[in-house]
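What follows is a short report on a single structure.
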Amino acid sequence: MSFLELNKVTKVYPNGTKAVHETSMNVENGEFMVFVGPSGCGKSTLLRMIAGLEDITEGDINLDGKLINKVDPSERDVAMVFQNYALYPHMNVYNNLAYGLKNRGIDKQSIEQKVNDAAKLLQISEFLQRKPSMLSGGQRQRVAMGRAIVRNPKIFLFDEPLSNLDAKLRIQMRLEIKKLQQKVGVTSIFVTHDQVEAMTLADRLAVINNGIIEQLGTPIEIYNNPKSLFVAGFIGSPQMNFIDGELKNKTLFAEGFEIKNVQSDFNGEITLGIRPEHMSQSDSGLINLSVELVEQLGSDNLIYGELKNKKDFCYRCPGNQLIEKGSKISLNINDNNYYVFDKSSGNRVN
Amino acid sequence: MTRFFTSGFSHLILFIGIFIMIAPVWMIFASSTHTSSVINMDGLQLFLGDSFYENYLRVLLYQGGFFKEITALKMFFNSFIMATGVALLSVVTSLMAAYALVYYRIKYATLLFWIIFITILVPLELRIFPTYSVMAELNLVNSYFGLIVPISASAIATLFFRQFYKTVPDEMLESAKLDGANPWRFFIDFLVPLSKTMIVAMLIFMFVFGYNQYLWPLLVTSSEQYWTVVMGLKMMSGSIVHRFAFVMMSMVPPILIIIILQKHFIKGVFQDK
């Protein structure tokens, strides 16, 4: 039995909107699970159902072997970090951390011990007497995490906690969250719409779209082996290139080129997906690109251009490979690193 | 130079305003420290006399009323009880009413709120007869309870607290829930401290409101034991200096309340920033 089990969990709002469809998944003890998807896909709803802040319309949620569908949020032993931190503005940091412990009837001495330990771990000891309004964004973020850690819950829930921070701080806090989770070893679920955050933080991630888990797996599995067009487009930066075409008897016909011996029995209209980093320049390549824009990132260059049919296309090459704006280049796909999707259903067919 | 001129000019206007407001009060105060013969002969006085102690003490302790049962001291006590009662009770009831309206899933909560709000259009004077008959029925005429309760539901305070609660982010409630706060704890540990500034403002407002009541105390008290200061202003007989002294003293409690509570009020405002 897994630590957290979702069994056909469904959420229908009173107005009839179906936010989550029969979602099932298991999260193991100590695992860092990330829910990633575009806004409005139901990932936050799912998280809030685990927290007990939303009622479950159908299905079961088991935490540590106990059915928690009807258990009050305060008794689920979960801690949540909110997007806007939801710190208590009228309490100082110490009391923010201690509040949940006080409500659980823990004696004063052990509260002090626990708060001080958590504060030390998060390096906020010197701010304990300050009010949240006197803290910077990163410090508030730490306090919010401290409030979760101090209770030593069964599970941490993070609801897009980094989206209020500026880019630099976000990367820093991302690392800190990951380190902290590894140090504390508490099962965590992290909701984000940022695929970089998802890839870097997750032990496993669930790509969610329209209330359905499109794919569940380790970040690298999902990157290497996307099961659907949506997942392929969502994971990876810059985004995967998509070209419409047709598959007939293992031969793929796209505008201007064809690929033979495709490992698929599918026949019909398809979408071909190629990651920008899975190509290399050659004199007689499959894909011909007229370069319109070059982004030099230092380590890499991102080459943006148009195909013959005016579709946008991106190619990523090492930073030392100079390609000029306005030139025409020819690209080959490395090691058959391409993905074929059924155009109508979006399912992977190769 | 222009700056000096404009700021000097606005200060001048302020001083004129202060003078217009303070001058009559000062004249009453100055006059109240003279003997009545001075006032009768020379009219109102601009400078302090030497009968302050004598006049004020007499007013405080003089047995007044038809039955000689009431002193000014007792009136102050009554007024203080009434105003404090009205202030505390109306703040507590409106805090709780607003809490229920915003946080509980009450059907037609908005409609209910507007019904409460409409009561602003029905002043005490309009419902004074039924209110009196209810109080008489309940045997509450001539009691502090009867003085306080009928004017202790404030739609305005409910409006203020409701609007404030609506600005409290939902995450705060959710976070508190996860921290094990039940509805009562959420109210006491979160909403009350967060609305402290507003509570103090409402306490001042409702204290002055309760203190200034005239018609209701007049109606609901037939015993002189329950007379209030504002009633006393009308009932007061005696020489003009004593009446002046009483008028001066009647201003003290509201001013004191404002001075005492204003500190918290301002502190609250600045802490929030």
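Line order of the protein sequences matches chains A and B.
Heads up: the first sequence begins at 36 in our numbering, then just goes up one per residue.
Heads up: the second sequence begins at 1101 in our numbering, then just goes up one per residue.
From the three backbone atoms N, C-alpha and C, an ideal C-beta is built for every residue, glycine too.
*Examine chain A for any beta-carbon lying closer than 8 Å to the beta-carbon of residue 1272 of chain B, and answer yes or no.*
Taking the second sequence and counting its residues from 1, the one referred to as residue 1272 of chain B is at position 172. Residue 1272 of chain B counts as touching chain A.
*Report the option in A/374, A/340, A/151 whose CA atom is closest to the CA atom of residue 266 of chain A.*
As a working note, residue 266 of chain A is residue 231 in the first sequence. Ranking A/374, A/340, A/151 by Cα distance to residue 266 of chain A puts A/374 first.
_Extent of the continuous beta strand (DSSP E) to which residue 225 of chain A belongs_ = Within the first sequence, numbered from 1, the residue matching residue 225 of chain A stands at position 190. Looking at the DSSP string, the run of the beta strand (DSSP E) that includes residue 225 of chain A is 222 to 227.
*Are residue 200 of chain A and residue 176 of chain A closer than 8 Å when you measure CB to CB?*
Along the first sequence, read from residue 1 onward, the residue named residue 200 of chain A stands at position 165. Along the first sequence, read from residue 1 onward, the residue named residue 176 of chain A stands at position 141. Annotated as proximal: residue 200 of chain A and residue 176 of chain A, with beta-carbon spacing under 8 Å.
*Give a yes or no on whether 8 Å exceeds the smallest Cβ distance from residue 169 of chain A to chain B.*
Mapped onto the first sequence, residue 169 of chain A falls at position 134. Look at residue 169 of chain A: its C-beta is not under 8 Å from any C-beta on chain B.
*Determine the contact status of residue 328 of chain A and residue 360 of chain A, defining contact as a CB-CB distance below 8 Å.*
In the first sequence, the residue the question calls residue 328 of chain A occupies position 293. In the first sequence, the residue the question calls residue 360 of chain A occupies position 325. It is a contact, given that the beta carbons lie within the stated cut-off.
_Beta-bridge pairing of residue 239 of chain A - partner residues as DSSP gives them_ = Locating residue 239 of chain A in the first sequence gives position 204, where the first residue counts as 1. Looking at the DSSP output, residue 239 of chain A shares a beta bridge with A/68.
_Bridge partners for residue 367 of chain A per DSSP, in chain order?_
Here residue 367 of chain A refers to the residue found at position 332 when the first sequence is read from its first residue. Beta bridge pairing from DSSP links residue 367 of chain A with A/315.
*Reducing DSSP to helix, strand and coil, say where residue 58 of chain A ends up.*
The count along the first sequence starts at 1 and reaches residue 58 of chain A at position 23. The DSSP-derived three-state label of residue 58 of chain A is strand.
*So, does the CB of residue 106 of chain A fall closer than 8 Å to a CB anywhere in chain B?*
What you label residue 106 of chain A is simply residue 71 of the first sequence in a count that begins at 1. No - not a single Cβ of chain B is within 8 Å of the one on residue 106 of chain A.
_When you compare the CB of residue 1343 of chain B with every CB in chain A, is at least one pair closer than 8 Å?_
Within the second sequence, residue 1343 of chain B is the residue found at index 243, counting from 1. It does not: the Cβ of residue 1343 of chain B has no partner Cβ on chain A nearer than 8 Å.
_Assigned secondary structure, residue 115 of chain A (DSSP; H/G/I helix, E/B strand, else coil)_ = Start at 1 with the first residue of the first sequence, and residue 115 of chain A comes out as number 80. Residue state for residue 115 of chain A is assigned as strand, using DSSP reduced to three classes.
*residue 1227 of chain B: contacting residues in chain A (beta-carbon distance under 8 Å)*: Sequence index remark: in the second sequence, residue 1227 of chain B carries index 127 (1-based). Those within 8 Å of residue 1227 of chain B in chain A number zero; the least Cβ separation is about 38 Å.
*In three-state terms, what does DSSP make of residue 339 of chain A?*
By one-based count along the first sequence, residue 339 of chain A stands at place 304. Of the three classes helix, strand and coil, the one that applies to residue 339 of chain A here is strand, per DSSP.
*Give the C-beta separation of residue 1326 of chain B and residue 1239 of chain B to the nearest angstrom, bearing in mind that I take them to be a contact with Cβ-Cβ under 8 Å.*
For the purposes of this step, residue 1326 of chain B is identified with residue 226 of the second sequence, where counting begins at 1. For the purposes of this step, residue 1239 of chain B is identified with residue 139 of the second sequence, where counting begins at 1. No, residue 1326 of chain B and residue 1239 of chain B are not in contact; Cβ-Cβ is about 14 Å, not under 8 Å.
*Which residues in the same chain have their Cβ closer than 7 Å to the Cβ of residue 340 of chain A, if we skip the five residues on either side of it in sequence?*
Taking the first residue of the first sequence as position 1, residue 340 of chain A is located at position 305. If we look at residue 340 of chain A and ignore the five residues flanking it on each side, its Cβ neighbours are 324, 325, 326, 327, 348.
*asked:* Restricting to Cα atoms, I'd like to know which of B/1209, B/1156, B/1176 is closest to residue 1354 of chain B.
replied: Locating residue 1354 of chain B in the second sequence gives position 254, counting from the first residue. Distance check between residue 1354 of chain B and each of B/1209, B/1156, B/1176 places B/1176 closest, using alpha-carbon atoms only.
*Minimum Cβ-Cβ distance from residue 1277 of chain B to chain A less than 8 Å*: As a working note, residue 1277 of chain B is residue 177 in the second sequence. Closer than 8 Å to the CB of residue 1277 of chain B there is at least one CB belonging to chain A.
*Leaving out five residues on either side along the sequence, give the residues of the same chain with a beta carbon under 7 Å from the beta carbon of residue 282 of chain A.*
Locating residue 282 of chain A in the first sequence gives position 247, where the first residue counts as 1. Here residue 282 of chain A has 297, 299, 301, 302, 303, 305, 375 as same chain residues with Cβ atoms under 7 Å from its own Cβ, once five neighbours each way along the sequence are excluded.
_Where residue 166 of chain A sits in the DSSP three-state scheme_ = The residue labelled residue 166 of chain A in the question sits at position 131 within the first sequence. Of the three classes helix, strand and coil, the one that applies to residue 166 of chain A here is coil, per DSSP.
*Consider the Cβ of residue 1374 of chain B: report whether some Cβ of chain A lies at a distance smaller than 8 Å.*
Since the first residue shown for chain B is 1101 and the last is 1373, residue 1374 of chain B is missing from the structure and cannot be characterised.
*Kindly say whether residue 49 of chain A, judged by its beta-carbon, lies nearer than 8 Å to any beta-carbon of chain B.*
Looking up residue 49 of chain A in the first sequence gives position 14. For residue 49 of chain A, the answer is no, since every Cβ of chain B falls outside 8 Å of its Cβ.
*Hey, does residue 1283 of chain B have any beta-carbon neighbour from chain A nearer than 8 Å?*
By one-based count along the second sequence, residue 1283 of chain B stands at place 183. It does not; no Cβ of chain A falls within 8 Å.
*Should residue 1116 of chain B be labelled buried (16 or more other beta-carbon atoms within 10 Å of its own) or exposed?*
Indexing the second sequence from 1 puts residue 1116 of chain B at position 16. Burial call: exposed.
*Can you pull the DSSP bridge partners for residue 374 of chain A?*
The residue you call residue 374 of chain A lines up with position 339 of the first sequence. BP columns for residue 374 of chain A point to A/308.
*Which residues in the same chain as residue 216 of chain A place their Cβ atom closer than 6 Å to its Cβ, once the five residues preceding and following it in sequence are excluded?*
Along the first sequence, read from residue 1 onward, the residue named residue 216 of chain A stands at position 181. Sequence-distant partners of residue 216 of chain A (beyond 5 residues in either direction) whose C-beta falls short of 6 Å from its own C-beta, in its chain, are 67, 223.
_Any contact between the segment 1326 to 1337 of chain B and the segment 1112 to 1132 of chain B? By contact I mean 3 or more CB pairs, one from each, below 8 Å._
The segment 1326 to 1337 of chain B is not in contact with the segment 1112 to 1132 of chain B.
*With 8 Å set as the bound, which would you pick, yes or no: does the beta-carbon of residue 86 of chain A sit closer than that to a beta-carbon of chain B?*
Within the first sequence, numbered from 1, the residue matching residue 86 of chain A stands at position 51. Under the Cβ criterion of 8 Å, residue 86 of chain A is counted among the residues facing chain B.
*Cross-strand partners of residue 1164 of chain B (DSSP beta bridge)*: Within the second sequence, residue 1164 of chain B is the residue found at index 64, counting from 1. According to DSSP, residue 1164 of chain B bridges with B/1170.
*Using a Cβ cut-off of 7 Å, which residues of the segment 1293 to 1305 of chain B contact any Cβ in chain A, in chain order?*
Listed by position, the residues of the segment 1293 to 1305 of chain B near chain A (Cβ gap below 7 Å) are 1293, 1294.
*Interface residues of chain A around residue 1317 of chain B at Cβ under 7 Å?*
Looking up residue 1317 of chain B in the second sequence gives position 217. Residues of chain A passing the Cβ test: none, with the nearest at roughly 38 Å.
*Using a cut-off of 8 Å between C-beta atoms, extract the partners of residue 1269 of chain B located in chain A.*
By one-based count along the second sequence, residue 1269 of chain B stands at place 169. Simply 119, 121.
*Given that residue 138 of chain A touches chain B, what residues does it touch there, using C-beta distances under 8 Å?*
Looking up residue 138 of chain A in the first sequence gives position 103. Simply 1279, 1280, 1281, 1285.
*Would you check if the segment 1277 to 1295 of chain B and the segment 134 to 145 of chain A touch, i.e. whether three or more CB-CB distances between them fall below 8 Å?*
Per the Cβ contact rule, the segment 134 to 145 of chain A is in contact with the segment 1277 to 1295 of chain B (3 or more Cβ pairs under 8 Å).
*May I ask which residues mark the beginning and end of the alpha helix (DSSP H) holding residue 1267 of chain B?*
As a working note, residue 1267 of chain B is residue 167 in the second sequence. From DSSP, the alpha helix (DSSP H) with residue 1267 of chain B extends over 1255 to 1267.
_To the nearest angstrom, how far is the alpha carbon of residue 112 of chain A from that of residue 1273 of chain B?_
As a working mapping, residue 112 of chain A is identified with position 77 in the first sequence. As a working mapping, residue 1273 of chain B is identified with position 173 in the second sequence. Taking the straight line joining both Cα atoms gives about 17 Å.
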